[in-house]
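Below is one structure, written out as structure tokens; the observations come after it.
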Amino acid sequence: MKTGERANFGSKIGIVLASAGSAVGLGNIWRFPCETGENGGAAFLLVYLLCVLVLGVPIMIAEFLIGRHSHANTASAYKILSPGTPWRWVGRMGVLAGFLILSYYAVVAGWTLDYTVQAVANRFNVMAASDPTGQVFTEYFARFVADPWWPVVYLALFLLMTHLVIVKGVEKGIERSSKILMPVLFLILVVLVFCSLSMPGAAAGMEFLLKPDFSKVDSRVVLSAMGQAFFSMSLGMGCLCTYASYFRSDANLAKTALSVGLIDTCVAVMAGLIIFPTVFSVASLTPEAGPSLVFIALPNIFQAAFGGVPVLAYLFSVMFYVLLVVASLTSTISLHEVVTAYLSETYHLSRAKAARLVTAGCLVLGCLCSLSMGVFKEYTVFGMNFFDLFDYVTAKLMLPLGGMLIAFFAGWVLDRRIVWGEVTNEGSIRFRGFQLFIFILKFVAPVGIGLVFLNELGLFRWL
Ligand code: PFF
Numbered sequence: 244m245k246t247g248e249r250a251n252f253g254s255k256i257g258i259v260l261a262s263a264g265s266a267v268g269l270g271n272i273w274r275f276p277c278e279t280g281e282n283g284g285a286a287f288l289l290v291y292l293l294c295v296l297v298l299g300v301p302i303m304i305a306e307f308l309i310g311r312h313s314h315a316n317t318a319s320a321y322k323i324l325s326p327g328t329p330w331r332w333v334g335r336m337g338v339l340a341g342f343l344i345l346s347y348y349a350v351v352a353g354w355t356l357d358y359t360v361q362a363v364a365n366r367f368n369v370m371a372a373s374d375p376t377g378q379v380f381t382e383y384f385a386r387f388v389a390d391p392w393w394p395v396v397y398l399a400l401f402l403l404m405t406h407l408v409i410v411k412g413v414e415k416g417i418e419r420s421s422k423i424l425m426p427v428l429f430l431i432l433v434v435l436v437f438c439s440l441s442m443p444g445a446a447a448g449m450e451f452l453l454k455p456d457f458s459k460v461d462s463r464v465v466l467s468a469m470g471q472a473f474f475s476m477s478l479g480m481g482c483l484c485t486y487a488s489y490f491r492s493d494a495n496l497a498k499t500a501l502s503v504g505l506i507d508t509c510v511a512v513m514a515g516l517i518i519f520p521t522v523f524s525v526a527s528l529t530p531e532a533g534p535s536l537v538f539i540a541l542p543n544i545f546q547a548a549f550g551g552v553p554v555l556a557y558l559f560s561v562m563f564y565v566l567l568v569v570a571s572l573t574s575t576i577s578l579h580e581v582v583t584a585y586l587s588e589t590y591h592l593s594r595a596k597a598a599r600l601v602t603a604g605c606l607v608l609g610c611l612c613s614l615s616m617g618v619f620k621e622y623t624v625f626g627m628n629f630f631d632l633f634d635y636v637t638a639k640l641m642l643p644l645g646g647m648l649i650a651f652f653a654g655w656v657l658d659r660r661i662v663w664g665e666v667t668n669e670g671s672i673r674f675r676g677f678q679l680f681i682f683i684l685k686f687v688a689p690v691g692i693g694l695v696f697l698n699e700l701g702l703f704r705w706l
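The numbers in this note's numbering rise by one with no breaks, and the one at position 407 of the sequence shown is 650.
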């Protein structure tokens, strides 16, 4: 397919912001603190940072170069670059992963919509006034997610919002919204970090996040950190590969990957710096609270930080939840785009029709995930409800596996001249560390990820 037939991102900054828009989302603000809390804190953070640097950035460059060189959606990209081989299944697995992630991600994104509505209606301030211990927020969350109606309504609403942006097209929808709102989100996070650092549990929270206890690191922690790095950077399923197919030929792939990795990691660490001081300041919260952690901690932060000045508490919480919705939206758009681009280009459907199929499918699966917190609680697979199962299968199995195969493909299968040509824009820009990059793709990523998998499956226990 020729470049001219596909839409393009208009500017270089648009490329960085749209990719960062995909990367920054609930993965940073909801899932990262949740995983960090469940996996012991600082030691997890260190392993996570290592995964971002050693695996995340190189694999992101690999996804970029595969997408831009093929000018195609992730599944077709492998068909074009390695015709007649099973590699196209890597692309297909990515599409499936995107579909599954979108289904449960939109459930959590729906929760953020409800929290926005509550914040706008000033209900959190009223709740806080009725119960200064903050216990009321814990009860509110538990009641809300178990409700059979509202979370489903918000899930549908969120999917509809995503759907509308998708059918409006790539440039108008994705690029314009990312350009304005990402920097605002960043600023609010900075303010919140300062607020949470002045809370009574700040020292304990910082210690939890920054003082590593390596006795807590086992294969489960490493797999969780790796999965979180892939999830947070939108890697392992060809999402950024699909985005890169819209990149212009003069975009600097390595620099873009570094910028996106840096922005994404900063947002995650800031979320940690906001959440953990709060967790250690609120009696009813523990770091292992799981998916509820952020949703219970946040209203507490706003009260603790601005409770004395209700107008500020109101304004900050409304702004924050609105931006969280937007950050989630830029991520759901990118997930939706992967599946829509695949369906419309592979089966020659109009974008609108493909998008309708994706939205409807995600709504069905999303309902299942949402209800698994309440009425379907008893139905479990391997001890997990549907929501946790979707999260485990995608983030801890499909994304690391996808990342491993993408690295292997770029390192071993793809013609080295193509790789070099893409990262240097046909020799017009320098790429220091090309040999190291290739070494990571060929050996470090496939072997490293493979070992973690084998260990997780318990295979080393037999040795
Ligand atoms: N990276 C997104 C986040 O951190 O919220 C989630 C995500 C988007 C994962 C796109 C995977 C993906 F392809």
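Where is the CB? At the ideal position from N, CA and C, for every residue including glycine.
Asked, Found
"C-beta atoms of Tyr-358 and Pro-542 nearer than 9 Å", "yes"
"Tyr-590, buried or exposed, once every other Cβ within 10 Å from all chains shown has been counted against 16", "exposed"
"Exposure of Lys-639, with buried meaning 16 or more beta-carbon neighbours within 10 Å", "buried"
"Cβ neighbours of Ala-263 in the same chain (closer than 8 Å, five flanking residues each side left out)", "Ser-421, Met-425, Ser-502, Val-503, Ile-506, Asp-507"
"Buried or exposed (CB count within 10 angstroms, at least 16 for buried), Pro-530", "buried"
"Presumed contact (8 Å Cβ cut-off) between Ala-349 and Leu-407, rounded CB distance", "Not confirmed; about 14 Å, so no contact."
"Which of helix, strand or coil DSSP assigns to Met-627", "strand"
"Proximal residues to Gly-646 (C-beta, below 6 Å), its chain only, five neighbours per side dropped", "Ile-302, Phe-473, Leu-478, Gly-479"
"Same chain, Cβ closer than 7 Å to Ala-494, five either side skipped, listed in chain order", "Lys-255, Ile-258"
"Proximity of Gly-470 and Pro-276 at Cβ, strictly below 9 Å", "no"
"The stretch 575-594 in contact with the stretch 302-321 per 3-pair CB rule at 8 Å", "yes"
"Arg-675, enclosing alpha helix (DSSP H) - first and last residue", "Note, Arg-675: premise wrong, no alpha helix (DSSP H); not H, not E."
"Buried or exposed by the 16-neighbour rule on C-beta atoms within 10 Å, applied to Trp-332", "exposed"
"Contact between the stretch 598-607 and the stretch 376-384 (3+ Cβ pairs under 8 Å)", "no"
"Residues whose Cβ lies closer than 6 Å to any heavy atom of ligand 1, in chain order", "Ser-265, Ala-266, Gly-268, Leu-269, Gly-270, Asn-271, Gly-341, Ile-344, Phe-474, Ser-475, Ser-477, Met-480, Cys-482, Ser-574, Ser-577, Leu-578"
"Exposure label - Ala-514; buried when at least 16 CB within 10 Å", "buried"
"Nearest neighbour of Gly-444, chosen from Ser-458, Asp-461, Ala-547, Phe-538 [CA to CA]", "Ala-547"
"CB contact flag (Ala-352, Leu-608, <9 Å)", "no"
"Nearest to Ala-285 (by Cα), restricted to the options Leu-611, Leu-400, Tyr-321, Met-449", "Met-449"
"Residues of its chain near Lys-459, where Cβ-Cβ distance is below 7 Å and the 5 sequence neighbours each way are ignored", "Gly-283, Ala-286"
"Buried versus exposed call for Val-666 [16 or more other C-beta atoms within 10 Å across all chains shown]", "buried"
"Glu-312, DSSP secondary structure in three states", "First, the residue type needs correcting, since residue 312 is His and not Glu in the sequence shown. It is helical."
"Straight-line gap, Thr-521 to Phe-451 (C-alpha atoms, nearest Å)", "12 Å"
"Leu-308 and Leu-496 closer than 9 Å at C-beta", "yes"
"Beta-carbon proximity of Ala-526 to Asn-271, cut-off 9 Å", "no"
"Buried versus exposed, by CB contacts within 10 Å (16 or more), Leu-432", "buried"
"Local conformation of Arg-685 per DSSP, three classes", "Checking the displayed sequence, the identity of residue 685 turns out to be Lys instead of Arg. In this structure, Lys-685 counts as helix in the three-state DSSP scheme."
"Cα-Cα separation, Arg-594 to Ile-409", "8 Å"
"Reduced DSSP secondary structure (H/G/I, E/B, other) of Ile-258", "helix"
"Element boundaries [alpha helix (DSSP H), containing Ala-584]", "553-589"
"Simplified DSSP assignment, three categories, for Asp-357", "helix"
"Inter-residue Cα distance where the pair is Glu-580 and Asp-374", "43 Å"
"Outcome for Gln-678 when other beta-carbon atoms lying within 10 angstroms are tallied against a minimum of 16", "exposed"
"Gly-645, enclosing alpha helix (DSSP H) - first and last residue", "642-651"
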